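Each remark here refers to the structure printed beneath this line.
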Amino acid sequence: MEELTLRDIAGVGEKTAKKLERAGITSPRQLALMTAAELAAIADLTETQALAITEAARRELEKILGIGVMKAKDHYEMILRQRKLATGCSNLDAILDGGLEPGAITEFVGVFGSGKSQLMHQLCVTVQLPEERGGLGGKAFYIDTERGFSPKRLVAIASRFQLNPNQVLENVYSVYAVNSDHQVVLLDEVERMVREEEVKLVVVDSFTAHFRKEYPGRDNLALRQQKLNRYLGQLMKIAVTYNVVVAVTNQVMSSPDPRDPHDKAVGGHVMGHGTTHRIWLWRRKGN
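Numbering-wise (this note's numbering), the sequence shown opens with residue 1315 and increments by one.
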């Protein structure tokens, strides 16, 4: 993370800095990724003042955030320096070029019993490993939408990775989202925990379950997709702002088109475009 403070950004005086801190904005990185309208509303500024501040923050953090003009060589070197989160499965890590990418959303799609939730639990353990073992030395925040979170699984996985089970449990926060509205509201808590508790992995399992149940049929499709899109955008903003790993699971649906009988990921194009990487998980026959 950058050593700059809010007060180092042009246009942010002591009074404005205190307003921002009261609103939960504590770093230039957050400022750089806000819109002028968002900042103006929070800090009681004109949109012109807010635009000047957000642009100043972006200029200061161009290299850190990778948002400035750079040569492809520099971009490539920045990617090589990035620490990834190993999954604990060598074949999957090879597919992911070393593991899950921070500052991105990786989506795992599959039928029931394909191992999606098991993998999410495993990530909650591997994120606690030191960097030399493929981890990030951090904690995990698990948003559970289907009552699938299991501390017993974490204990079993911790033993496999030769970690203290009690310490592993201490470093994983979980919450059950009762519906899609609650799921969206919980992002405020996620952001707070990422800022204050060294959370470096955010899991949403399953991302689409509530949306699918609460907005059935074609009549509700547009509303569901709009809400999904906003939620994805908020989650991506957290991933990029704090450079954390976000892993989500997604359900599948049967294709009604006989010309294309393959299963489809729930959420359509919104999920396809809104996540950074999509990995399909399959069950072997007989397993």
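Beta carbons: idealized from backbone N, C-alpha and C, even for Gly.
Model, not experiment: these values are computed from the prediction.
Original post:
Should Val1326 and Pro1416 be called a contact, given that it needs their Cβ atoms to be closer than 8 Å?
Top reply: no
Original post:
Just curious, the alpha helix (DSSP H) that Gly1586 is in, first and last residue?
Top reply: Gly1582 to Gly1588
**OP:** May I ask you to report which of helix, strand or coil DSSP gives Glu1421?
**Re:** strand
**OP:** Using 10 angstroms around the beta-carbon of Ser1404, count the other beta-carbons present and answer buried if the total reaches 16, otherwise exposed.
**Re:** exposed
Original post:
Between Leu1282 and Leu1399, which are expected to be in contact by the criterion C-beta below 8 Å, what is the C-beta distance as a whole number of angstroms?
Top reply: Because the chain spans 1315 through 1601 in this model, residue 1282 falls outside it and cannot be assessed.
Original post:
Do Leu1500 and Val1486 have their C-beta atoms closer together than 8 Å?
Top reply: Cβ atoms of Leu1500 and Val1486: not closer than 8 Å.
**OP:** Give, in chain order, every unbroken run of the beta strand (DSSP E) that is at least 3 residues long and sits entirely within the segment 1499–1584.
**Re:** 1513–1519 and 1559–1564
Original post:
Would the segment 1452–1462 and the segment 1502–1515 be scored as touching if the rule is three or more Cβ pairs under 8 Å?
Top reply: yes
**OP:** Confirm, please, whether the CB-CB distance from Val1584 to Gln1539 is below 8 Å.
**Re:** yes
**OP:** Compare the C-beta of Phe1455 with all C-beta atoms of chain B and state if any pair is closer than 8 Å.
**Re:** Among the chains in the structure shown there is no chain B, since it carries only a single protein chain.
**OP:** Locate the alpha helix (DSSP H) running through Arg1372, then write down its first and last residues.
**Re:** Glu1361 to Glu1374
Subject >> Neighbourhood of His1591 by C-beta, 6 Å cutoff - its chain only, sequence neighbours within 5 removed >> reply: Thr1420
Original post:
Quick one: what's Arg1592 bridged to in DSSP?
Top reply: Glu1421
Original post:
Between which two residues does the beta strand (DSSP E) harbouring Ile1457 extend?
Top reply: Lys1453 to Asp1458
Original post:
Are Ser1494 and Asn1564 close, meaning C-beta to C-beta below 8 Å?
Top reply: No. Outside cutoff.
Original post:
Using a Cβ-Cβ cut-off of 6 Å (strictly less than) and excluding sequence neighbours within five positions of Thr1330, which residues of its own chain qualify?
Top reply: So the qualifying residues of the chain are Ala1357.
**OP:** Return the chain-ordered list of same chain residues with a C-beta closer than 7 Å to the C-beta of Pro1465, the five sequence neighbours on each side being excluded.
**Re:** Leu1483
Subject >> Nearest to Val1562 (by Cα), restricted to the options Ala1337, Ala1418, Gly1531 and Ala1366 >> reply: Ala1418
**OP:** Measure the Cβ-Cβ separation of Gln1497 and His1524 and say whether it is below 8 Å.
**Re:** The criterion of a C-beta distance shorter than 8 Å is satisfied by Gln1497 and His1524.
Original post:
Got a sec, what are the start and stop residues for the beta strand (DSSP E) Val1486 sits in?
Top reply: Val1486 to Tyr1490
Subject >> CB-CB length for Gln1436 against Gly1402, believed under 8 Å >> reply: 5 Å
Original post:
With DSSP run on the structure shown, which of helix, strand or coil describes Leu1616?
Top reply: The requested residue 1616 does not occur in the structure, where the chain is confined to residues 1315 to 1601.
Subject >> For Leu1399: DSSP bridge partner residues >> reply: Leu1414
Original post:
Which two residues bound the contiguous alpha helix (DSSP H) that contains Ser1431?
Top reply: Ser1431 -> alpha helix (DSSP H) spans Lys1430 to Thr1440.
**OP:** State the Cα-Cα distance for the pair Asp1577 and Ile1593, rounded to the nearest angstrom.
**Re:** 14 Å
Subject >> Secondary structure of Met1348, DSSP reduced to three states >> reply: Of the three classes helix, strand and coil, the one that applies to Met1348 here is coil, per DSSP.
**OP:** Please state if the CB of Arg1506 and the CB of Gly1382 are separated by a distance shorter than 8 Å.
**Re:** no
**OP:** Give the C-beta separation of Ala1346 and Leu1365 to the nearest angstrom, bearing in mind that I take them to be a contact with Cβ-Cβ under 8 Å.
**Re:** About 12 Å separates the two Cβ atoms, so there is no contact after all.
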